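Note sheet for the following structure.
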Amino acid sequence: METTHTIVETTLTINGESVTRRIPVRQNLVDFLREEMGLTGTHIGCEHGVCGACTVRVDGKIVRGCLMLAVQAEGRHVETIEGLSDSGELADLQDAFHKRNALQCGFCTPGMLLTVQDLATRNPHATREQIREHISGNYCRCTGYQAIVDAVETVLVARQNKS
Amino acid sequence: MKAPPFAYARARNLTEVFDLLERHGNNGDTAKILAGGQSLMPALNMRLSSPALLIDISRLQEHAGIQVKGSHLHIGALTTHAAIGDSEDIRKYLPLLADAVEHIAHPAIRNSGTFGGSLAMADPAAEWPACCVTLNAQIVLSHKSGTRRVAAREFFQGLYATAMKPHEVITEVVIPIPGAGYRHAFLELARRRGDYAIVGVAALAKVSGNAISDLRLTYLGASEKPVPAKNTSQVFVLKGFSESSLKEAQDALADELDPSADLYSSAATKLHLAHVLTARAMKQLVA
Amino acid sequence: MSAPYIGQSIPRANAKRLLQGRGAYTDDLRVARLAHVVFFRSPHAHARIVKLDLANARAMPGVIAAIDGATLEQYCKPWVAVLGHLKGIKSATQHAMAIDCACWQGEAVAAIVAQTRAQAEDALEAVEAEWKPLPAVTDMEASLAGAPIIHPEFSDNICFTREFATENVDEAFAKADLVVEETYDFGRHTGVTLEGRAILADYNAAEHTLTVHQSTQAPHMMQDIFSRHLDIPEGNVRVIAKDVGGSFGIKVHVYADEMATAALAVMLKRPVKFMADRMESFLSDIHAREHKIKLRLACTKAGEILAFDLDDLTGIGPYSVYPRTSGIEGNQVVNLTGGPYKHQQYRAKLNVVFTNKNVTCQYRAVGHPIAVAITEAIIDLAANKLGMDPAEFRRRNLVPDDAYPHTSASGMKMEKLSHHQCLDKLLKLMNYDALRAEQSELRKRGVYRGIGLAAMIEVTNPSPAFYGVGGARISSQDGATLRLEPTGMVTCLVSVTEQGQGTEAIFAQIAADAVGVSVDRVRVITGDTGITPYGGGTWASRGAGIGGEAVLQSGKVLRSNILDVAGAILQSSREMLDLRDNNVIDVRTGDVKMSLTELGRVAYFRPDTLPMDFQSELMVTRHYTPRGYGFAFTNGIQASLVEVDIDTGFVKLLKHWCVEDCGTVINPQLVDEQIRGGIVQGIGGAMTEHCLYSDDGQLLNGTMADYLVPMAGEMPDMIVAHVVTPTKTSELGAKGAGEAGTAGAPGAVMNAINDALLPFNARVTAQPFTPERVLRALGKV
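Protein chains in written order, with my numbering: chain W, 67 to 229; chain F, 448 to 734; chain B, 63 to 843.
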């Protein structure tokens with residue numbers, strides 16, 4: 067019979083690196099990444115799944131880091147802004163955001179970048195309207211969103227031209 | 448706020464789930480099933496819920512997936528909203544669900560949230576419960592010694608209340624594929640994309656020329672549970688869709704719905720909006 | 063990219079770390095022996111504490127301390143938020159944690175410090191409290207009427223009142239052909255910075271020093287506050303604000319829970335961190351804007367405005383907020399209403415009252431969104447009654463561009479504005495006539511579009527008249543220190559802070575031009591009282607105009623000092639030399655005489671080769687205080703195009719325009735993005751954002767699921783353009799731009815909706831404009 071736990075030894079892959087930790091079961095994934103792994107690029111904005119600041123990628127899909135327990139990541143591949151920056155996967159998006167000033171305070175930016183990369187992968191021909199729709203769960207108080215839409219649109223076009 | 452302390456068990460199969468439920472009971476806050484977590488986790492992170500035990504069923508992937516079996520579509524309880532949105536079979540056989548999925552939250556939520564979880568939650572403003580009622584879905588409930596099927600319209604019993612008994616879990620939903628000549632409409636009004644609807648309607652009907660039959664209008668956000676508006680539907684079946692039938696339907700609808708005010712909309716506003724959506728859904732059905 | 067850099071859209075160097083998730087927000091810091099504090103907050107809007115037993119909480123796992131208000135008072139002096147120049151303003155004494163009585167739901171009454179945040183929250187559940195609920199005053203009008211009284215030491219609930227009138231207001235109304243009157247309601251809303259308020263206070267008992275990492279807009283103000291209230295010498299307090307995840311005025315105030323956190327660090331002799339989570343942010347971040355206003359306008363048949371008559375009632379919660387006070391927003395409404403127009407008669411009455419809701423205070427565009435919205439709404443109403451096009455009505459009344467300096471009817475002195483240029487540019491930009499034609503065509507087909515205009519003035523670059531004269535220790539001057547490094551780089555330390563608006567980027571541009579180096583050779587450091595000059599920080603659209611001027615003046619002197627060194631090295635007359643593109647050049651030929659790298663090497667490592675009586679001075683500090691005018695007023699005009707679904711009451715925002723004049727534009731893209739972000743923040747307040755309270759003072763929508771901030775799906779694209787009228791009060795000529803978007807957007811949207819509803823003789827006047835409010839106006843529910 068399966069037994070119940072309050073701390074679970076968990077092995078997961080974070081940005082390509084295998085990690086084993088004893089994790090209190092109530093700790094959510096974003097707290098684990100920040101507090102235990104020092105990966106502070108993923109932010110906490112609401113802890114209720116509404117703002118999108120904690121968006122990370124698990125097994126290739128974007129999820130809310132605050133709505134997943136860290137122990138649920140057992141055996142999963144977790145990717146964060148730090149890993150995706152170092153691998154260069156987001157380089158063109160980051161460059162476009164930089165040039166277009168598609169960020170101000172930058173607090174939403176890591177979650178926003180993961181979300182728009184998800185769109186670019188799933189729907190490389192997305193219209194402005196579809197870009198707005200895809201990021202509609204990522205709150206940005208600073209930009210008013212237009213610069214973000216512009217930057218994403220630029221990258222989608224550039225990627226199409228490249229491919 | 449951080450989640451309160453609880454114990455955790457990752458179930459490897461349904462038997463373990465039933466054993467844990469039996470040992471801990473899932474009445475009240477004793478044990479809770481964790482599926483996609485998109486409703487339960489926010490509740491934990493607000494300390495609105497403090498279960499002694501979370502039973503994580505998210506690894507039971509044999510209960511995820513979409514299958515066509517004869518004249519029915521079977522949707523595993525752990526199928527994510529995103530998987531439904533991506534499914535060719537859904538688009539082909541149950542386009543109502545494909546239309547509805549666009550209204551459910553946002554991409555990252557849709558990747559985790561599950562079909563069964565949404566039904567078990569029974570939020571009156573959620574999309575899937577209303578769709579299931581309109582589609583005459585059967586909810587498959589499993590327990591230690593077997594399974595039983597409950598029709599969606601009996602399954603939803605009130606505000607966050609269902610026919611599910613303690614020690615039961617939803618494992619599957621079986622939906623009859625509407626035959627040829629059926630048309631659908633899913634409409635909802637939300638102030639921001641992905642928010643819970645102020646009010647919405649899941650509509651299905653057989654349409655042939657001007658004749659409307661088997662019309663099913665189910666409203667979300669308009670009562671404590673998804674409401675199949677039979678009398679309203681009957682007006683259009685008997686009289687077709689016209690300005691005068693619409694007027695008549697408005698009165699029937701007012702009798703059938705019992706909306707409660709939310710933070711921003713009064714009951715009267717919701718009723719008005721439900722009527723507006725009825726007209727729009729009917730236009731779409733007969734277009 | 064080459065000089066001059068001022069005027070170019072250069073990407074912000076400091077954005078790169080944020081794009082890679084390598085920022086340093088307060089919660090990102092890792093500190094040894096860190097303790098976490100959470101607060102036990104009043105569940106009641108108004109209640110006496112009968113019993114507060116922390117013993118069980120203290121015994122919970124991981125708990126380091128559990129402290130009540132009376133204990134903490136020994137470490138932190140209370141405060142009263144009044145200003146001398148707001149005559150008669152009063153407020154009650156406020157403690158870091160309430161001691162006997164809580165006055166709003168969410169007011170902290172006890173602190174739990176534990177090893178982890180989760181443990182601290184667990185212990186909160188073990189706090190035993192008994193309350194005697196007292197009557198809660200939540201309605202502004204009831205508060206004004208005076209019963210019950212919130213603070214027993216006062217005889218009423220009035221924080222501040224002001225009356226203002228020019229000499230012939232009644233006469234103007236008497237002779238008017240048309241008098242229109244309307245009442246406007248503005249719901250409370252709040253900032254919802256994505257990063258919550260955050261403070262990590264670290265006390266070193268051996269040195270009696272306090273180092274505070276804080277998400278704040280005003281490090282020096284907070285240094286002064288911590289010093290005085292915690293009784294630590296000013297020089298021993300250091301406040302550091304590295305990356306700040308949004309502020310908008312939310313993070314420029316003294317919060318009781320943050321003071322408590324610093325006091326706890328002193329008490330416990332270790333670092334203590336407080337991160338406001340989202341739910342406590344809604345309960346305790348300042349709110350803003352709750353106003354009910356009756357406005358009258360008198361005009362002639364020809365459309366000449368003769369007078370405005372304003373009556374504003376605003377409810378601010380139980381305390382005036384320290385140290386800026388909560389009288390300012392209402393005061394701004396009085397100062398700014400009717401501001402763009404040339405009428406001479408004006409009467410205003412303001413009542414600022416206490417209520418048992420969360421406190422309100424200055425939030426982005428303070429008072430402007432209200433003054434602009436009511437002015438512009440009643441102008442449209444008058445234009446409609448006269449059958450005059452709203453653009454034409456404005457043209458007849460805006461202060462002419464050649465009529466400056468101008469003093470408004472409310473007494474505001476304006477140096478030079480460009481209302482007519484802005485109006486002309488806007489109408490052309492939006493193709494106003496074509497939009498009107500399209501609107502009329504679409505109406506025939508049952509599509510109801512509306513076009514709304516909103517002219518505005520905006521307070522920027524405030525002088526000491528804003529706070530300093532009232533006795534607040536808030537600096538209106540700012541400083542910049544520029545240092546040439548041995549490699550020829552320039553380090554630029556500025557007292558204005560960076561919150562993402564791009565201050566560091568524009569300072570680099572100004573410094574590069576002023577000194578004569580390329581912009582990539584300038585490194586800007588802000589947000590640390592330990593190293594930057596003294597200054598006010600970020601608020602009231604002052605960073606570019608005040609901080610920028612300090613950088614410019616400092617850079618000019620550094621350039622001159624560098625040329626002194628060059629003259630000494632080259633044994634040349636310094637008049638023959640100049641600095642360009644990191645090199646010392648011959649002014650006559652443009653030939654490079656030496657690089658700054660070489661100059662730096664000699665100046666720092668081989669000064670022995672320079673004349674005996676020569677000492678190089680390669681670090682320069684200059685400060686700037688705006689004078690002459692109380693504020694550098696800016697102006698602009700916005701337009702909104704909306705489509706109203708008259709069946710559902712839903713409003714679709716189709717497009718938005720803004721033409722504004724902030725003087726010298728240092729970085730066009732950054733200014734445009736300030737405007738855009740500001741517009742959407744203004745739209746939020748106009749359309750969806752509302753702190754809803756029950757009659758007994760419970761906040762009903764304190765989560766991000768229920769409090770509706772603007773998201774990408776519903777926001778329009780925005781077209782921004784400028785007219786450039788530099789202020790002559792500074793050499794740089796820059797005025798502020800950070801709040802213009804927020805100031806004008808609600809008025810433009812309100813007018814657009816009402817324009818769309820015109821065929822139905824329906825108007826909405828209560829923000830936010832929910833579908834239900836639109837349907838009510840249409841008589842559909």
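Cβ atoms here follow ideal geometry from the backbone N, Cα and C, with glycine treated the same way.
Bear in mind the structure is a predicted one, so any value in this text is a computation, not a measurement.
Can a CB atom of chain W be found closer than 8 angstroms to the CB of G687(F)? no
Could you spell out the range, first to last residue, of the alpha helix (DSSP H) harbouring Q285(B)? P281 to L292
Compare the C-beta of Q212(W) with all C-beta atoms of chain F and state if any pair is closer than 8 angstroms. no
Output yes if chain W places a C-beta closer than 8 angstroms to the C-beta of Q731(B); else output no. yes
What residues from the region 740–766 of chain B come within 9 angstroms of chain F, judged by C-beta to C-beta, listed N to C? M749, T750, H752, L754, L762, N763 and T765
Beta-carbon contacts of M67(W) that lie in its chain and below 8 angstroms, excluding the five residues immediately before and after: With a pLDDT of 43 at M67(W), under the threshold of 50, the predicted position of this residue should be treated as unreliable, though the coordinate-derived value follows. Nothing listed; no residue qualifies.
Say the cut is 7 angstroms; is the CB of R638(F) nearer than that to a heavy atom of the ligand COA? Because no ligand of any kind appears in the structure shown, any question about the ligand COA cannot be addressed here.
For a contact defined as C-beta to C-beta under 8 angstroms, what are the partners of E75(W) on chain F? Neighbours of E75(W) on chain F: none; closest Cβ ~12 angstroms, over 8 angstroms.
Does the region 254–270 of chain B come close enough to the region 170–190 of chain W that 3 or more CB-CB pairs lie under 8 angstroms? yes
Sorted by chain position, which residues of the same chain lie with C-beta nearer than 8 angstroms to K672(F)'s C-beta, five sequence neighbours on each side aside? A569, P571, P576, F603, Q604, G605, L606 and A608
What does DSSP give as the partner residues of A735(B) in its beta bridges? One detail in the question is off: residue 735(B) reads as Glu in this sequence, not Ala. Per DSSP, none; premise fails for E735(B).
Which of helix, strand or coil does DSSP assign to M67(W)? At M67(W), the pLDDT of 43 sits below 50, so the modelled position is not reliable and the matter cannot be decided from this model.
Can a CB atom of chain F be found closer than 8 angstroms to the CB of T710(B)? yes
From A499(B) to N493(B), what distance separates their C-alpha atoms? 10 angstroms
Chain B contact for V116(W) (CB, 8 angstroms cutoff): yes
Can you tell me whether DSSP reads H46(B) as helix, strand or coil? Because chain B here runs from 63 to 843, residue 46(B) falls outside it and cannot be looked at.
Give the range of the beta strand (DSSP E) segment to which D28(B) is assigned. As displayed, chain B neither begins before 63 nor continues past 843, which places residue 28(B) out of reach and without an answer.
Relative to the C-alpha of I737(B), which residue among D723(B), T245(B) and A576(B) is closest? D723(B)
Can you have a look at M766(B) and say buried or exposed, based on whether 16 or more other CB atoms are within 10 angstroms of its CB? buried
Rounding to the nearest angstrom, what Cα-Cα distance links L715(B) and M780(B) in this structure? 10 angstroms
Take the Cβ of M674(B) as the centre, count every other Cβ of all protein chains shown within 10 Å, and call the residue buried at 16 or more, exposed below. exposed
In chain B, what lies closer than 8 angstroms to A119(W) by C-beta? L256
Quick test of your reading: A567(F) and A649(F), contact by CB under 8 angstroms. State the CB separation rounded to the nearest angstrom. Not really, about 19 angstroms apart at Cβ, beyond 8 angstroms.
Using the Cβ count rule (16 or more neighbours within 10 Å means buried), how would you classify N492(F)? buried
Interface residues of chain W around D779(B) at Cβ under 7 angstroms? Q212
With F344(B) as the anchor, note down where its beta strand (DSSP E) starts and where it stops. No beta strand (DSSP E) contains F344(B), which is instead part of the alpha helix (DSSP H) from R340 to S346.
Beta-bridge partners of L166(B), as assigned by DSSP: According to the sequence provided, residue 166(B) is Trp. The question's Leu does not apply to it. BP columns for W166(B) are empty, so no partner.
Three CB pairs or more closer than 8 angstroms across the region 694–703 of chain B and the region 479–492 of chain B: yes
Determine which residues share a DSSP beta bridge with K653(F) and list them. Y629(F) and S660(F)
Cα separation between P105(B) and R340(B)? 16 angstroms
Given 8 angstroms as the limit, is there contact between the region 601–611 of chain B and the region 785–800 of chain B, that is, 3 or more CB pairs closer than that? yes
Beta carbons nearer than 7 angstroms to chain B: which residues of the region 713–725 of chain F have them? S713, A715, T716, H719, L720 and V723
Note down, in chain order, each residue of its chain lying with its Cβ closer than 6 angstroms to the Cβ of V587(F), except the 5 sequence neighbours on either side. T594, R596, T618 and E619
So who's on the other strand from V414(B), going by DSSP bridges? F222(B) and T376(B)
Of all the CB atoms in chain B, is at least one closer than 8 angstroms to the CB of T181(W)? no
Could you tell me if A465(F) is buried or exposed, where buried requires 16 or more neighbouring beta carbons within 10 angstroms of its beta carbon? Rather than Ala, the amino acid found at residue 465(F) in this sequence is Phe. It counts as buried.
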